[in-house]
Amino acid sequence: MTDSALEIRGLRKTFSRPAVDNLDLTVKAGELYALLGPNGAGKTTTLRMVAGLTKADTGSIRVFGTDAIADPVAAKRLIAWLPDEPMLYDKLTPMEYLEFVAGLWGVDAKTARKRAQELLEFLALWPHRGERCEGFSRGMKQKAALAGALIHEPKLLMLDEPLTGLDAAMARQVKDLLQQRVKAGATVILTTHILDVAERMSDRIGIIQHGKLLAEGTLDELRTRSGHGGATLEDVFLDLVGADVP
Ligand SMILES: Nc1ncnc2c1ncn2[C@@H]1O[C@H](COP(=O)(O)OP(=O)(O)OP(=O)(O)O)[C@@H](O)[C@H]1O
Numbered sequence: 001m002t003d004s005a006l007e008i009r010g011l012r013k014t015f016s017r018p019a020v021d022n023l024d025l026t027v028k029a030g031e032l033y034a035l036l037g038p039n040g041a042g043k044t045t046t047l048r049m050v051a052g053l054t055k056a057d058t059g060s061i062r063v064f065g066t067d068a069i070a071d072p073v074a075a076k077r078l079i080a081w082l083p084d085e086p087m088l089y090d091k092l093t094p095m096e097y098l099e100f101v102a103g104l105w106g107v108d109a110k111t112a113r114k115r116a117q118e119l120l121e122f123l124a125l126w127p128h129r130g131e132r133c134e135g136f137s138r139g140m141k142q143k144a145a146l147a148g149a150l151i152h153e154p155k156l157l158m159l160d161e162p163l164t165g166l167d168a169a170m171a172r173q174v175k176d177l178l179q180q181r182v183k184a185g186a187t188v189i190l191t192t193h194i195l196d197v198a199e200r201m202s203d204r205i206g207i208i209q210h211g212k213l214l215a216e217g218t219l220d221e222l223r224t225r226s227g228h229g230g231a232t233l234e235d236v237f238l239d240l241v242g243a244d245v246p
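The sequence shown begins at 1 in UniProt numbering and counts up one residue at a time.
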């Protein structure tokens, strides 16, 4: 048994220069972890390696104890990955899309329909269940893609900037859904540049810069570390990453 949802050790990925540089990161099971960092810090590359979409140069990745590099298929069954610009099959309705994705994961049709209805209701897409996604707004497409990522009930949800571009009502629906999943026992890792979101939603925060973990902990721990007693996360973040802020 392991109480870690994700354990990354010595992870490296170099493109023309190092994007992820000997990164160690542990996310506990059942927590909502916000991964922060300036543009180009290596957040997306890290999560793409966990999701098996980018090959690591060296290092190890364990998802609930499963070696994600040696056995990516087993790890992927435990993971949902929602990129910042998710792909949808536009010609399908959200209901058809969710049933299709559920089928890929081997979820039986009855369970798939039930889960699809719950997700679409939660995200206020149920009235649009019979409309093709091609006519959806960007935010509606993002929510449909999120529902698709959750249909196989993954234990670890990784979301790249899931709230960017959403209006207040849609952002609230997505935040509520993520918090509901955490309450139900899932683990959530999200990247965001919206520091208020990280401050309000996350159990712990990791700040990466130049592919390395710069600081990690609860907001209070980060405040202590940066020497700012009553500071906001923005103060702490700006202090830690210094001039590298976009
Ligand atoms: N496929 C790729 N080919 C070449 N370089 C890449 C590739 N993917 C990422 N990089 C580079 O790796 C570094 C880390 O990028 P990454 O997208 O992981 O950062 P990020 O922290 O997610 O940034 P942002 O907040 O802007 O999304 C950047 O310098 C980026 O240009």
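Quick reminder that beta carbons are idealized off the backbone N, C-alpha and C, glycines included.
- By the 16-neighbour rule on beta-carbons within 10 angstroms, R172 is exposed.
- Q209 is bridged by DSSP to K212.
- About 5 Å separates the Cβ atoms of K13 and D57, confirming a contact at the 8 Å cut-off.
- Of the candidates L150, P127, R181 and E131, L150 places its Cα closest to the Cα of R77.
- Assignment of G217 by DSSP, reduced to helix, strand and coil, places it in the strand class.
- Linking V182 to E216 through their CA atoms gives a straight-line distance of about 20 Å.
- Between P94 and L125, the C-beta spacing is below 8 Å.
- Not one heavy atom of ligand 1 falls within 7 Å of the beta-carbon of G165.
- Following the DSSP letters along the chain, one finds E131 in no alpha helix (DSSP H), marked with neither H nor E.
- Taking the Cβ atoms as the reference, A198 lies roughly 6 Å from L233, within the contact range of under 8 Å.
- Taking every residue with its beta carbon within less than 6 Å of a heavy atom belonging to ligand 1 gives, in chain order, F15, A19, G37, N39, G40, A41, G42, K43, T44 and T45.
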